[in-house]
Each structure stands twice: as structure tokens, then as C-alpha cells.
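**Q** Below is one structure. I have some questions about it.
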Amino acid sequence: MSGYAFAVASCIGLVAFLVVLLRTRRLREKYAIIWIVVGLGTLVLSAFPRTMGALAKAVGVQTPSNLLFAVALIILLLVCIQLSVEITSLEEETRTLVEEVAMLRFDVERVTQDVAAGAGGPRSAGGAPGGPNER
Amino acid sequence: MGTQGTPSLLVILPAWNEQEALPGVLDELHAALPDADFLVVNDGSTDSTARVARRGSTMVLDLPLNLGVGGAMRAGFKFASRKGYDVAVQVDADGQHDPADVQRLVDALAAEQADVVIGARFAGRGRYVVRGPRKWAMAVLSFVLSRIAATRLTDTTSGFRASNKRAIELFAAEYPAEYLGDTVESLVIACRAGLRVRQVGIEMRPRAGGTPSHSPVKAAVFLGRALLALLIAVSRPMSKGAKEMSP
């Protein structure tokens, strides 16, 4: 088995794995797309290794493999940044949910107390005893 | 509890694992401010903070996760905003702040026509001292923020502040959870939204436990992070909510 055939096989395996993850909804399309592009790109390069040499010559890199490494590093960097951005927005969403849960818990406790005290009438339906002028 | 005419006051205490200090602090506050409402924001404590906070009429907002002071305070401001309070005062749950100063801060809101009043150490009163690199770091922060706020601010990292309704609405929408976001960045947000920030000198009482660190490395890290937070806060594009507020 030549090195290129091995590369082609791994790329096909990678893309197939991604498709399986997508089909079982364990990976969302917006994260999968970049990996599929990378997988297919690598597939083309390993099927036609001379493309890499031509590309390297076109951008002025002497050793084709160095161009490959540089591009791979940049892509990984961008993916890491994308993940950090996604985590940040997840944290913000978590924060908002935590606030809502805490406030709902507060209201539920108040209402439960009112009901237990036998005052569970229209007053507790206001939901906010304790506040001076509920809007 | 605020009757018509007098502004309703909510004292917000962000508390994280403060079961020892909290009951005493609450009792003192209730005694000093009989007309105010009290809200303890239990910031995901692992001890019995939530249980000891339920004293008398104290309300408790029980966060299921630890969000940090900034996160706890935004929850508190949201609460104040939804329940329609006129003034919210943030007080530390560890008893460093004198309950008697709360009323002074609230009075200063009206007297100085300010939207945010900071209870500042090093403003004439009290004997609170910081030395060495940490002092320089705080001096740099004070200098820059005084420029932004167009008033003299000596203690920008103070966690003792009063906010009026305008400030409550702003902070309920955006109160940063980042490091130093609850102090430095929130001031920048307030200033950029056109709110008036003023300060009142306060006296600090000794903490229940622990002393502020004087290690130069820690101070340098503090200054670096503070300046980064400041730089980003100042250069950040204004959000829609804050823009609508600014004149």
C-alpha cells in the first residue's frame, strides 16, 4: 500500500465518520462543515499529490509539505477560535438561564408559601409579593 | 415596602460561601434600614449560605451555579428591575461595609443627581491602606476612570455602590461577568451610557477572614488584567440598550 493510498483511505474514513455523526445528530452541521471541507481537500491532495507541488510553487513555498503544515495549522487555529466563540455564547446563555431559574424559584417559593398559608387567591397570582410595584 | 412617594430601596448582597458572616451582617442591615428590602443572591454556594440567608423578611435569589460577583449582581439588578425598585445598593456579604453608610450612598444619589454612587475607600474617611504595586495599579485605574467619568474617583474596585432606576435598567441588561467586570467595566458601561457617576467616602471595617495580598507578582497580574479589561471596555462598540440610554 503506497502512502497516498493510505491517505486517501483515511480521508474517506474521516468523511464517513462525520456523516455518521451528522446522521445521528451528535454533531451539528455548522461544526461539521469545516471538517468535511478539510477532509475532502485532503482527499483531493492525496489523490493528486502533484497539486501540492504546483500550489507551493504558486505561493512561493519551497517545500510543498511545509505549505501543507502551515495551512493545517491555520485551519486548526481558526477552528479553535470558533470553538472559543461558541463557548462564550454558551456561557452567556447559561448565565441568562441561571438568572431565570433563580427568579422562577423565588416566585414559586412565594406562591407555595401563600398557598400553604391559605392565601392562595388572586394575590399570589400577581406572582410578586415583595416587590413594591410590580409591572 | 416602599410607600408611595419615598423611593423603594433594595439592598443586594452577592454571597458566595458566606454562612459565617451573613447572619450578623443581615441583622445589622435590618436594624440600620428598617424600610429597605434585602435580597441575598446566593451565588452557587456549597455551604448553607442559602439557609442562613432566609432570616426575617430577607429575600433569597438562589443561583444554581456559581457565576461570580458580576453574574450574581446582574441577577440582582434584573430582580430589582422586574420588581420595580427605585434604588439598588450593592453591599458585600462579609461585613466590610458599614450598614450606616448605605443611607449616605442613597442620599448622595439625590443630592448629587447621580445615577451611580460609589462608596469609596481612600476618600478622606477611614484608615484603609493598600501599599506597593497594588496601590499603583489601583491608582492607574482611578486615574483613567476619573477621566472617563469626568469626576474624581479614588476607588474604582469598590463593591459598595448605589444605583438609581436608570442604572438598574442598564445593569439588568448588561453587567459583565468577567474578571473585574463587576467593578471597572461596569463603571465604563455606565459612563458611556451617559450616567452620572459620583463617589462618597466610606470607612471599611476589617474583613472576617483573610488579608489583601501584597505580593508584587499578584499586583502585576492584577494591573495587567485590569488594564486589559479597561482597554477592551473602552474600545468596545456600544450595545443597543446602552446607546438608546445615552443622551
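These protein sequence lines are chains V and H, in that order.
Here the working numbering is used: the first residue of the first sequence is 183, the next is one more, and so on.
Here the working numbering is used: the first residue of the second sequence is 23, the next is one more, and so on.
Don't be surprised by glycine CBs; every beta carbon is placed ideally from N, CA and C.
Remember, predicted model here, so these are calculated numbers, not experimental data.
1. Apply the 10 Å Cβ neighbour rule to Y197 of chain H and answer buried if 16 or more other Cβ atoms are within range, or exposed otherwise.
2. What does F101 of chain H touch in chain V if you count any residue whose Cβ is under 9 angstroms from its own?
3. Assuming L192 of chain H and L217 of chain H form a contact by the criterion Cβ under 8 angstroms, report the distance between their Cβ atoms to the nearest whole angstrom.
4. What number of angstroms, rounded off, separates the C-alpha of I211 of chain H from the C-alpha of L31 of chain H?
5. What are the residues that DSSP puts in a beta bridge with R220 of chain H?
6. Per DSSP, what kind of secondary structure is Q125 of chain H in: helix, strand or coil?
7. Compare the C-beta of E268 of chain V with all C-beta atoms of chain H and state if any pair is closer than 9 angstroms.
8. Does DSSP put A133 of chain H in a helix, a strand or coil?
9. Grouping DSSP H, G and I as helix and E and B as strand, with all else coil, what is P259 of chain H?
10. Closer than 9 angstroms, Cβ to any Cβ of chain H: which residues of the region 219-251 of chain V, in chain order?
11. With DSSP as the reference, identify every bridge partner of P36 of chain H, one or two as the case may be.
12. Starting from D57 of chain H, trace the alpha helix (DSSP H) in both directions and tell me its first and last residue.
13. Just how far apart, CA to CA, sit L249 of chain H and T179 of chain H?
14. Mind checking if R96 of chain H is an interface residue toward chain V, Cβ cutoff 9 angstroms exclusive?
15. From F251 of chain V to G221 of chain V, what distance separates their C-alpha atoms?
16. I need the boundaries of the beta strand (DSSP E) containing V243 of chain V, first residue and last residue.
17. With DSSP run on the structure shown, which of helix, strand or coil describes R76 of chain H?
18. By the 10 Å Cβ neighbour count, where 16 or more other Cβ atoms means buried, how is Q244 of chain V classified, buried or exposed?
19. Of all the options H:D204, H:L44, H:L51, H:F182, which has the alpha carbon lying nearest to the alpha carbon of S67 of chain H?
20. Within 9 angstroms of any Cβ in chain H, is that where the Cβ of T276 of chain V sits?
21. Alpha carbon to alpha carbon, how far is L209 of chain V from V243 of chain H?
**A** On the basis of the supplied data:
1. buried
2. E281, A284, M285, F288, G313
3. 7 angstroms
4. 23 angstroms
5. BP columns for R220 of chain H point to H:V139.
6. Q125 of chain H carries a helical assignment under DSSP once its states are collapsed to helix, strand and coil.
7. no
8. helix
9. coil
10. Near chain H, meaning a CB-to-CB distance below 9 angstroms, no residue of the region 219-251 of chain V qualifies.
11. Paired residues: H:V63.
12. Careful: D57 of chain H lies outside any alpha helix (DSSP H) and carries neither H nor E.
13. 13 angstroms
14. yes
15. 15 angstroms
16. Per DSSP, V243 of chain V belongs to no beta strand (DSSP E) and is neither H nor E.
17. coil
18. exposed
19. Of the candidates H:D204, H:L44, H:L51, H:F182, the one whose C-alpha sits nearest the C-alpha of S67 of chain H is H:L44.
20. yes
21. 39 angstroms
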